[in-house]
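Chemist: In my numbering, the protein residues as written are 27 to 165.
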Amino acid sequence: MPTETYDKIKNEFLNDLAACDILKIPLLTIGQRNNEHINMKCTTNTANAVKDILYRVGLSKFKKLPEPLQWGIDNEEKAKEKFEQITGIKVDSCGFFVDKEKKFLGATPDGLVGSNAIVEIKCPFSARNTNIKTAIEQN
Numbered sequence: 027m028p029t030e031t032y033d034k035i036k037n038e039f040l041n042d043l044a045a046c047d048i049l050k051i052p053l054l055t056i057g058q059r060n061n062e063h064i065n066m067k068c069t070t071n072t073a074n075a076v077k078d079i080l081y082r083v084g085l086s087k088f089k090k091l092p093e094p095l096q097w098g099i100d101n102e103e104k105a106k107e108k109f110e111q112i113t114g115i116k117v118d119s120c121g122f123f124v125d126k127e128k129k130f131l132g133a134t135p136d137g138l139v140g141s142n143a144i145v146e147i148k149c150p151f152s153a154r155n156t157n158i159k160t161a162i163e164q165n
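#1: Using C-beta distances below 6 Å, list every residue in its chain close to F109, excluding the 5 sequence neighbours before and after it, in chain order.
#2: Going by C-alpha to C-alpha distance, which of P28, V139, F39 sits closest to K116?
#3: Please name the residue in V145, I112, E127 whose C-alpha comes closest to that of G121.
#4: Would you call P135 buried or exposed, if buried means 16 or more other Cβ atoms sit within 10 Å of its Cβ?
#5: State the CB to CB distance for the pair K106 and I147, rounded to an integer number of angstroms; the pair is presumed to be in contact (CB under 8 Å).
#6: Counting only C-beta atoms, is E146 closer than 8 Å to chain C at any point?
#7: Near N101, what residues of its chain come up, given a Cβ to Cβ distance below 6 Å and the 5 sequence neighbours on each side ignored?
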């Protein structure tokens, strides 16, 4: 795709993303990979082009996920529960956040803690046969 075309599509998409949409997106996308809105059908040419650019290769292309990736998916909720148990801190589910000023930036944290912190959960396959303390000490 020529740079000029890419820039035009990008700018149209970002300009069309209204402030109210930015506030709604996190609520609509809670649940990440199990949420129907994460893979919303694009309804405009611009949105389709952006989708093609951003999601050219996705996990849905795999017939079977690589074992380390599947391990992480299978254990994410257990890790969240263990974190809450150990720390006594509640992790709230959240969705996809779009930066209000730089609309081309976004993130999907694994959870929110309080009003100003996020949690990003990692379940390393290399630490699957150990406990949290040992995994931290070894890595």
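Glycine is no exception: its CB is placed at the ideal position from the N, C-alpha and C atoms.
Modeler: The answer reads as follows:
#1: none
#2: V139
#3: V145
#4: buried
#5: 6 Å
#6: In the displayed structure, chain C is absent; only one protein chain is listed.
#7: C149
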